[in-house]
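Visitor: Numbering (this note's numbering), first residue to last: 1193 to 1581.
Mind looking over this structure? Questions follow.
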Amino acid sequence: MIPQPHHDVLTKPTHVATTPDPDRFFAFEQPGAHEWWYFDAISHDGRDALVIVFYAGLPFDPSFGVAAIRHHRDPSRFPKPDPLDHCAVGLCWYRDGQTAAYALNGFRRPDFSYRTDPFTVAIDANCLERDHEGVYHLSLDTPSKNGDARLKAKLHFTPAASTRPLERNLGAPDHPHHWILAAADCRVEGDLEIVPITHGRPRFRLPAQPDGPSGGPRKLSAAHLAFQGRGYHDHNAGAEEMSRAMTRWRWGRFHFEDRTLIYYQSEPRPGKGDPAALVIECRDGEPIQLDERPVLQLDDRSRTVFGLQHARRLTAPGHGLTWEQTHLVDQGPFYLRWLPIARRLDQDVSAPIIRGISELLDTHHLNRIWFNWMIPYRLKRPASSTPRS
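Okay, structure coming up:
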């Protein structure tokens, strides 16, 4: 028998700055503890997608993960690693399903700061702040992966009027992994600029740009994007090294005209909690339906060059939705990110497509010596701009 979806209708919203604060800093200190504030946005025309993450303990830093595993095995010999010595900032800009700009830069404890009022996280020259109206202001200035440019952005995420957070512990009581849906639907505006460091033209190239809606040129050059679109924000905090806590997870979100749909499926390690799945439907930022026993059909399975198994098509029949995992924009030995296309099961094929963002994490290859050498090609440690006392 196919289990039927279990829907809870949720109560009325409160302001985004609820108690407990959805953005509060858990500051776990266990070996391998990790935390991040995640933001993404897709432009109104669907061509540009942005992902920005502030990490207080980057779980994909092999030096962090290996140090945590060694400490667990022999704490008298190997000291406990400090999560904030592995803080990081990530910024990705995708254009027409291709990477236009990428940065993942690691920093140390002196480069990290946190404040509760107003909520602020700063890592080196990059800052995330939420004002008293609940609007998130992101300011970034960090080197690109190749080191030939600086990526600068000022983005403003304004949560929808009825925004209400939702929080779940997807780990175990003694080893929690808090997943917090902080702002499901945001209006996003701002600018992103790529500033070459070296002389001459930067090495990146962007696809040809179309005319704007009025027939004039679109507000985009080889180094600048004036962004307008819809976005999303969540917050994760885990108290245990990722590969010890989690086997895999799947996550994705889609903005429809009248609602937002988010799915999250986690598979903890044995003894680290029960498998969990959520499908959440939001209207105007407010969770209105929570399905904690969703049916997720995984079809058209494939395997990457690193051996990661994944489904190319997923369907949530209880929610009348299916999506194709098109445009694989990021892949590595343990992580995949797509810009998938979603449609309703009763939707006419001529209806406009809905572009979303989805990901898969499989920790079987995380912190494995035969893959760790690849990570420094992505994860850089630029010189700090934080003044030292």
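The beta-carbon is built from N, C-alpha and C at its ideal position, and this holds for glycine as well.
1. Who are the Cβ neighbours of SER1305 in its own chain at under 7 Å, not counting the five residues just before and after it?
2. Residues in the same chain with beta-carbon distance under 6 Å from PHE1217, minus the five sequence neighbours each way, listed in chain order, please.
3. Between which two residues does the alpha helix (DSSP H) carrying PRO1254 extend?
4. Taking the alpha-carbon positions, what's the ASP1266 to LYS1272 distance?
5. Kindly confirm or deny that the segment 1243 to 1250 and the segment 1281 to 1291 touch, where touching means at least three C-beta pairs closer than 8 Å.
6. What is the DSSP secondary structure of ASN1338, reduced to helix, strand or coil?
7. What does DSSP give as the partner residues of ILE1386 in its beta bridges?
8. Flag this pair as touching only if the segment 1525 to 1533 and the segment 1464 to 1472 have three or more C-beta atom pairs under 8 Å; answer yes or no.
9. Whose C-beta lies closer than 6 Å to the C-beta of PRO1205 among residues of the same chain, with five residues either side of it excluded?
10. Taking DSSP as the reference, what is the three-state secondary structure of ASP1333?
11. On a Cα-Cα basis, can you pick out the residue from ARG1535, VAL1541, PHE1498 that is closest to LEU1553?
12. Measuring straight from C-alpha to C-alpha, what distance separates GLU1385 and LEU1417?
13. Leaving aside the five residues before and after GLN1517 along the sequence, list all residues of the same chain whose C-beta is less than 6 Å from its C-beta, in chain order.
14. Taking all protein chains shown into account, do 16 or more other C-beta atoms lie within 10 angstroms of the C-beta of VAL1380, making it buried, or fewer, making it exposed?
15. Relative to the C-alpha of LEU1453, which residue among GLN1481, GLU1221, HIS1557 is closest?
16. Is the distance from the Cβ of ALA1534 to the Cβ of ILE1549 below 8 Å?
17. How should ASP1491 be labelled, buried or exposed, when 16 other C-beta atoms within 10 angstroms of its C-beta is the threshold for buried?
Guide: Looking at the coordinates:
1. Around SER1305, the same chain offers ALA1314 as residues with beta carbons nearer than 7 Å, after the five sequence neighbours per side are excluded.
2. TYR1306
3. PRO1254 -> alpha helix (DSSP H) spans 1254 to 1265.
4. 10 Å
5. yes
6. Three-state DSSP puts ASN1338 in coil, outside helix and strand.
7. Looking at the DSSP assignment, ILE1386 forms a beta bridge with LEU1343.
8. no
9. Interpretation of PRO1205 is limited by its pLDDT of 36, a score under 50 that renders its predicted location unreliable; the figure taken from the coordinates is listed afterwards. SER1354, ARG1356, GLU1478, listed in sequence order.
10. strand
11. PHE1498
12. 6 Å
13. ARG1504, TRP1530, PRO1532
14. VAL1380 is classed as buried because its beta carbon has at least 16 other beta carbons within 10 Å across all chains shown.
15. GLN1481
16. Result no, Cβ atoms of ALA1534 and ILE1549 do not sit closer than 8 Å.
17. Exposed, because fewer than 16 other Cβ atoms sit within 10 Å of the Cβ of ASP1491.
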